[in-house]
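Q: Structure provided below as structure tokens; questions to follow.
In our numbering, the protein residues as written are 530 to 992.
The following block contains the structure:
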């Protein structure tokens, strides 16, 4: 492992070319899943951000969020009526495309590269699945031979798409689109199937009827479809699979109620409700955090978050500023823990919102002793990005070039190290602190270039 040569006299101005900054190459200790991987912190409070709307539409619904924080969803003039797709990125919402005489345009999936998928319904034609890149390039997606209609629900970071197409008899077929190839995934012994989600590893989930004409959740991989079973009833559907193979969706119980489920290692577990009769699982990230919606004892719809450790929790109880908002449905969660949701505003409007957990965190150096290697951890930075660790000997301000209105809280920051982040937005540095720094107080701050974010300052006096 190579280490940075500590130089307390060297100062660098942000925005210099990388060659002007003497930064050593760091070998990471090995990126691991963050400490919260098996459950959320009970003290986490989410910030609510209204995504706004587009002229002519009063109601909006957020349906999918990517690991880059991009959100797709629907615009409505009246609640849940005649949707038109939107894309929200970098703080701006735009309507998706112009489709002539389209009666309906839906967007349901988006990956970290900004590739959006959905479907449109043109007057006098069949419904067709499409993909649109972030720069607006529109593509109609291929169909299997003999099929004439299609719907796209999800897209992974490799560009593989899950959805379904319709054959000449009118039966839907679960579909995997990989480049120019449209693959019919078959069924569980019945007549039809539909796919709703796909992992970055190419595992597809959805539902299919079987020989008994019951609809069951499935996972498809390596050319074979596997039945995930039910919670005791005769119906289940899988909505999402993460990169560790955990699945969420909805199943009926022996009593006939619809309940969200968490599936892992061959076992389907009921997520439960918040006092009502039913619940619906919509998405799960690779930390095992599932989201969806349910009903409380009064029958009011409410978004939930679920982990194995904490169980099901009402998102309305976890808002930093709950006044004026009622979270109705949590539709999607990314690897950073951001949630795309549908909320009811104080004036009765339905609005797409993003719920964001606390910002990027930089840990205290460990063991915190001069003359030794010290470990720094970073949490909740941008996924698969780059973070930089800076230090100074005094607090102050220093503008970050390239990020408007962003300012360091340390004076004349010195770049100490650069590191990549994992899919979960975590990273780590191992830095040798010279013995001469014993007794000195040093200020550290981490910069996330992709997200234009700074961690709170960490202040440490080295032993």
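Ideal placement from N, C-alpha and C gives every residue a C-beta, glycine not left out.
Can you tell me whether residue 903 is buried or exposed, with buried defined as 16 or more other CB within 10 angstroms of its CB?
A: Stepping through the chain shown from its first residue, residue 903 is reached at position 374. The residue is buried, with at least 16 neighbouring Cβ atoms inside 10 Å.
Q: Considering only their Cβ atoms, is the gap separating residue 849 from residue 637 smaller than 7 Å?
A: Along the chain shown, one-based indexing puts residue 637 at 108. Along the chain shown, one-based indexing puts residue 849 at 320. For residue 637 and residue 849, no; Cβs fall outside 7 Å.
Q: When the distance is taken between beta carbons, is residue 729 closer than 7 Å to residue 685?
A: To locate residue 685, count along the chain shown from 1; it is residue 156. To locate residue 729, count along the chain shown from 1; it is residue 200. Their beta carbons are under 7 Å apart, which means residue 685 touches residue 729 by this criterion.
Q: Less than 7 Å between C-beta atoms, sequence neighbours within five positions excluded: which residues of the same chain meet that for residue 661?
A: Counting from 1 along the chain shown, the entry for residue 661 is found at position 132. Excluding sequence neighbours, residue 661 sits near 625, 626, 645 and 667.
Q: Is there contact here, the stretch 927-939 with the stretch 950-965, by at least three beta-carbon pairs under 8 Å?
A: no
Q: Going by Cα to Cα distance, which pick from 699, 578 and 895 is closest to residue 906?
A: The count along the chain shown starts at 1 and reaches residue 906 at position 377. Nearest of 699, 578 and 895 to residue 906, Cα basis: 895.
Q: Whole angstroms are fine: how far does the CA of residue 649 sit from the CA of residue 678?
A: The residue given as residue 678 occupies position 149 in the chain shown. The residue given as residue 649 occupies position 120 in the chain shown. Distance between the alpha carbons of residue 678 and residue 649: 10 Å.
Q: Under 8 Å: do the stretch 911-925 and the stretch 869-885 share three or more Cβ pairs, one atom per stretch?
A: By the Cβ rule, the stretch 911-925 does not count as touching the stretch 869-885, because fewer than three pairs are nearer than 8 Å.
Q: From this set, 780, 769 and 749, which residue's C-alpha is nearest residue 760's C-alpha?
A: Locating residue 760 in the chain shown gives position 231, where the first residue counts as 1. Measuring from the Cα of residue 760, the nearest candidate turns out to be 780.
Q: Would you list the residues sitting across from residue 924 in a DSSP beta bridge?
A: By 1-based counting over the chain shown, the position of residue 924 is 395. Per DSSP, 939.
Q: Does residue 651 come out as helix, strand or coil in the three-state DSSP assignment?
A: Position 122 of the chain shown, counting from 1, holds the residue named residue 651. Correct three-state label for residue 651: strand.
Q: Please confirm if residue 925 has its CB atom under 7 Å from at least one CB of chain D.
A: Absent from the structure: chain D. Only one protein chain is present.
Q: Got a sec? Which residues, its chain only, sit under 8 Å from residue 887 by beta carbon, not counting five neighbours each side?
A: Against the chain shown, residue 887 aligns to sequence position 358. So the qualifying residues of the chain are 573, 574 and 909.
Q: Helix or strand or just coil, what does DSSP make of residue 959?
A: Here residue 959 corresponds to residue number 430 of the chain shown, with the count starting at 1. Strand.
Q: Would you call the CB atoms of residue 656 and residue 689 closer than 7 Å?
A: For the purposes of this step, residue 656 is identified with residue 127 of the chain shown, where counting begins at 1. For the purposes of this step, residue 689 is identified with residue 160 of the chain shown, where counting begins at 1. It is not a contact, given that the beta carbons lie outside the stated cut-off.
Q: Run the CB neighbour count on residue 806, radius 10 Å, all protein chains shown included, and call it buried at 16 or more, exposed below.
A: As a working note, residue 806 is residue 277 in the chain shown. With fewer than 16 other Cβ atoms within 10 Å, it is exposed.
Q: Out of 623, 972, 854 and 743, point me to the one whose CA is closest to residue 720's CA.
A: Sequence index remark: in the chain shown, residue 720 carries index 191 (1-based). Comparing Cα positions, the closest option is 743.
Q: Going by C-alpha distance, which of 755, 751 and 597 is nearest residue 737?
A: Translated into the one-based positions of the chain shown, residue 737 becomes position 208. When only C-alpha atoms are compared, the closest one is 755.
Q: Among the residues of its own chain, which have a CB less than 8 Å from the CB of residue 828, if the five just before and after it don't count?
A: Taking the chain shown and counting its residues from 1, the one referred to as residue 828 is at position 299. Only 805 meet the Cβ criterion.
Q: So, residue 977 versus residue 916, is the Cβ gap smaller than 7 Å?
A: As a working note, residue 977 is residue 448 in the chain shown. As a working note, residue 916 is residue 387 in the chain shown. Result yes, Cβ atoms of residue 977 and residue 916 sit closer than 7 Å.
Q: Looking only at DSSP bridge pairs, what is residue 835 linked to?
A: On the chain shown, position 306 is the one that residue 835 refers to. Partner(s): 819 and 841.
Q: Report the residue from 793, 610 and 969 whose alpha carbon sits nearest the alpha carbon of residue 769.
A: Here the question's residue 769 lines up with position 240 in the chain shown. Minimum Cα distance to residue 769 is reached at 793.
Q: For residue 835, which residues in the same chain have their Cβ closer than 6 Å to its Cβ, ignoring the five residues on either side in sequence?
A: The sequence position of residue 835 within the chain shown is 306, counting from 1. Taken in chain order, the residues that qualify are 800, 819 and 841.
Q: With distances taken between CB atoms, is the gap from residue 911 to residue 980 smaller than 7 Å?
A: Here residue 911 corresponds to residue number 382 of the chain shown, with the count starting at 1. Here residue 980 corresponds to residue number 451 of the chain shown, with the count starting at 1. Going by C-beta atoms, residue 911 is nearer than 7 Å to residue 980.
Q: In whole angstroms, what is the alpha-carbon distance linking residue 938 and residue 945?
A: Within the chain shown, residue 938 is the residue found at index 409, counting from 1. Within the chain shown, residue 945 is the residue found at index 416, counting from 1. Whole-angstrom Cα-Cα distance: 16 Å.
Q: Whose C-beta lies closer than 6 Å to the C-beta of residue 966 among residues of the same chain, with five residues either side of it excluded?
A: Here residue 966 refers to the residue found at position 437 when the chain shown is read from its first residue. For residue 966, where only same-chain residues beyond five positions count, the Cβ hits under 6 Å are 899 and 991.
Q: Just to confirm the assignment, what range does the beta strand (DSSP E) spanning residue 681 have?
A: In the chain shown, counting from the first residue as 1, residue 681 sits at position 152. Segment 676-684, the beta strand (DSSP E) holding residue 681.
Q: Can residue 782 and residue 802 be called in contact, C-beta distance under 7 Å?
A: Taking the chain shown and counting its residues from 1, one reaches residue 782 at position 253. Taking the chain shown and counting its residues from 1, one reaches residue 802 at position 273. No, the Cβ-Cβ distance between residue 782 and residue 802 is not below 7 Å.
Q: Just verifying my parser: in three-state terms, what is the DSSP assignment at residue 829?
A: The residue given as residue 829 occupies position 300 in the chain shown. Three-state result, residue 829: coil.
Q: How would you write the range of the beta strand (DSSP E) that residue 864 sits in, first residue to last?
A: Within the chain shown, residue 864 is the residue found at index 335, counting from 1. Neither: residue 864 is in no beta strand (DSSP E) and is coded neither H nor E.
Q: What's the gap between the Cα of residue 918 and the Cα of residue 772?
A: As a position in the chain shown, residue 918 is number 389, starting the count at 1. As a position in the chain shown, residue 772 is number 243, starting the count at 1. Using only the alpha carbons, I get a separation of about 29 Å.
Q: Considering just the uninterrupted stretch of the beta strand (DSSP E) at residue 656, what are its terminal residues?
A: Residue 656 sits at position 127 when you count from the first residue of the chain shown. No beta strand (DSSP E) contains residue 656, which DSSP labels as neither H nor E.
Q: What is the DSSP secondary structure of residue 611, reduced to helix, strand or coil?
A: As a position in the chain shown, residue 611 is number 82, starting the count at 1. Three-state result, residue 611: coil.
Q: Would you tell me roughly how many angstroms separate the C-alpha atoms of residue 750 and residue 603, rounded to the nearest one?
A: Looking up residue 750 in the chain shown gives position 221. Looking up residue 603 in the chain shown gives position 74. If you take the alpha carbons of residue 750 and residue 603, they lie about 31 Å apart.
Q: Measure the beta-carbon distance from residue 870 to residue 860 and round it to whole angstroms, keeping in mind my assumption that it falls under 8 Å.
A: Here residue 870 corresponds to residue number 341 of the chain shown, with the count starting at 1. Here residue 860 corresponds to residue number 331 of the chain shown, with the count starting at 1. Separation of the CB atoms of residue 870 and residue 860 is rounded to 6 Å, and the pair is thereby assigned contact status at 8 Å.
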